[in-house]
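**Student:** Position one of the sequence shown corresponds to residue 1 (this note's numbering), numbered consecutively onward. Glycine residues also receive a C-beta, built at the ideal position from the N, C-alpha and C atoms. Sharing a structure with you now.
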Amino acid sequence: MYFIKTSILLLYLRIFPEFYHFRFQVIGTMVFVTVAVVIIVPMVIWQCVPVHTIWDLKRENARCLSISGLAYASAAVNIFTEVLVLILPLPLLQTLRASRAQKMALYLLFGCGIIVIGVAAARIPSLSHVEDTHDPTYLNAGVIYWTAAETAVAHLCAAALAVRPLYVKCRNDLRRKRKKSSDSTATLAKLPGACVPEISTHHHDVIGGYGESGENHSSHGSEAISGYNLNPTCPLPLSKSTTEELELAV
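Okay, here's the thing in structure tokens:
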């Protein structure tokens, strides 16, 4: 969670670079989060001396801190820093020159952090079993589940701030490509002598052709082709062999 909070705070510095007071608040929050992690992590690692007595059920000659007290203190600091990270940018959203719809979208985007805080708060009741050494692997499973859920939701919320610009860019690129394709088709249709063959699924007789003697039977003789209707004003390209036969016939 430390790296997720730090990445969000760094993103705040990038989004609001001109607000100096806000920058000091963000940097102060980063310092507080870092100090909290530096204090809590060693206490969790060396909660018992020697360390192996943490998972040794006999715990002979072990000197341990109050595991439940450490868990509740860590949860309290974690929730406090999450609330702090959430409320930091909210006053600045009012000063943005944006439409009401855009501001509402930003509020909803930052409001995703409430879900993270809710998951962190839902983990607190499961901390009541952390000091029960009868079967810690089984009894502490709830703590692990809620911790994993909190981390996953925090990842999604942190990524949502950066994914929206990527989505907007991809959408605009797709629109430009479609517009460019339609403009190219319209320009091609306007060229002298250019045409686009029309193909439909109607029964049509193709009139004309060349006989064995090379005569042009344009007024008689027809061959029915079912399934395609080709615009006669747009001659289809002929293969090399067909072109050579026509030249010999002429």
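When the Cα of A75 is compared with those of V26, R175, V116, which residue comes out closest?
**Tutor:** The residue given as residue 75 occupies position 75 in the sequence shown. Comparing Cα positions, the closest option is V116.
**Student:** Can you tell which of L127, K169, P165, R123 has the C-alpha that lies nearest to the C-alpha of T151?
**Tutor:** Residue mapping note: residue 151 aligns to position 151 of the sequence shown, counting from 1. That would be R123, whose Cα lies nearest to the Cα of T151.
**Student:** Whose C-beta lies closer than 7 Å to the C-beta of T147 among residues of the same chain, with five residues either side of it excluded?
**Tutor:** Taking the sequence shown and counting its residues from 1, the one referred to as residue 147 is at position 147. Excluding residues within five positions, the ones whose Cβ falls inside 7 Å are R123.
**Student:** DSSP puts L170 in a beta bridge; with which residues?
**Tutor:** Sequence index remark: in the sequence shown, residue 170 carries index 170 (1-based). Note that residue 170 is Cys in the sequence shown here, rather than Leu. Bridge partners of C170: none, in fact.
**Student:** Look up V130 in the DSSP assignment and say whether it is helix, strand or coil.
**Tutor:** If you number the sequence shown from 1, residue 130 lands on position 130. Three-state DSSP puts V130 in coil, outside helix and strand.
**Student:** Excluding the five sequence neighbours on either side, which residues of its own chain have a C-beta within less than 6 Å of the C-beta of A105, listed in chain order?
**Tutor:** Numbered from 1 along the sequence shown, position 105 holds the residue referred to as residue 105. So no residue of the chain qualifies.
**Student:** Please classify R97: does DSSP put it in a helix, a strand, or coil?
**Tutor:** Position 97 of the sequence shown, counted from the first residue, corresponds to residue 97. Three-state DSSP puts R97 in coil, outside helix and strand.
**Student:** Opposite V49 in the DSSP bridges: which residues?
**Tutor:** Here residue 49 corresponds to residue number 49 of the sequence shown, with the count starting at 1. According to DSSP, V49 bridges with R63.
**Student:** Note down, in chain order, each residue of its chain lying with its Cβ closer than 6 Å to the Cβ of I54, except the 5 sequence neighbours on either side.
**Tutor:** Residue 54 sits at position 54 when you count from the first residue of the sequence shown. Result list for I54: C48, in chain order.
**Student:** Should the segment 29-43 be called in touch with the segment 80-92, which here means at least 3 C-beta pairs below 8 Å?
**Tutor:** yes
**Student:** Do you know how far the Cα of A36 is from the Cα of M43?
**Tutor:** To locate residue 43, count along the sequence shown from 1; it is residue 43. To locate residue 36, count along the sequence shown from 1; it is residue 36. The alpha-carbon separation between M43 and A36 amounts to approximately 11 Å.
**Student:** Apart from the five residues just before and just after L13, which ones in its own chain have a Cβ nearer than 7 Å to its Cβ?
**Tutor:** Sequence index remark: in the sequence shown, residue 13 carries index 13 (1-based). Once the five neighbours on either side are set aside, the close Cβ partners of L13 are R23, V26.
**Student:** Quick check on the burial criterion: 16 or more other C-beta atoms within 10 angstroms. Buried or exposed for F110?
**Tutor:** Against the sequence shown, residue 110 aligns to sequence position 110. When all chains shown are included, F110 counts as buried.
**Student:** Buried or exposed: K5, going by 16 or more other Cβ atoms within 10 Å of its Cβ?
**Tutor:** As a first step, residue 5 must be located in the sequence shown, where it is residue number 5. So K5 counts as buried.
**Student:** Using CA coordinates, which residue listed in L88, P50, F80, N78 is at the minimum distance from L11?
**Tutor:** Numbered from 1 along the sequence shown, position 11 holds the residue referred to as residue 11. For L11, the nearest C-alpha among the options comes from L88.
**Student:** Specify the secondary structure class of N216 as computed by DSSP and reduced to three states.
**Tutor:** Taking the sequence shown and counting its residues from 1, one reaches residue 216 at position 216. With a pLDDT of only 49 at N216, under the threshold of 50, the placement of this residue in the model should not be trusted; the figure read from the coordinates follows. The answer is strand: DSSP assigns N216 an E or B state.
**Student:** Below 7 Å CB to CB, which residues in the same chain sit around V103 once its five sequence neighbours on both sides are set aside?
**Tutor:** The residue you call residue 103 lines up with position 103 of the sequence shown. Note that residue 103 is Lys in the sequence shown here, rather than Val. Excluding positions up to five away in sequence, the list reads L93, L96.
**Student:** When the Cα atoms are used, what is the spatial distance from L65 to V119?
**Tutor:** Your numbering for residue 65 matches position 65 in the sequence shown. Your numbering for residue 119 matches position 119 in the sequence shown. Whole-angstrom Cα-Cα distance: 26 Å.
**Student:** With a threshold of 16 other CB atoms inside 10 Å of the CB of L90, please say whether the residue is buried or exposed.
**Tutor:** For the purposes of this step, residue 90 is identified with residue 90 of the sequence shown, where counting begins at 1. When all chains shown are included, L90 counts as exposed.
**Student:** Could you check how far apart the C-beta atoms of G142 and S126 are, in whole angstroms? I think they sit under 8 Å.
**Tutor:** As a first step, residue 142 is located in the sequence shown; it is residue number 142 there, counting from the start. As a first step, residue 126 is located in the sequence shown; it is residue number 126 there, counting from the start. The beta carbons of G142 and S126 sit about 4 Å from each other, so the pair counts as a contact at 8 Å.
**Student:** Hey, is Y2 close to the ligand FAD, as in C-beta under 7 Å from one of its heavy atoms?
**Tutor:** Because no ligand of any kind appears in the structure shown, any question about the ligand FAD cannot be addressed here.
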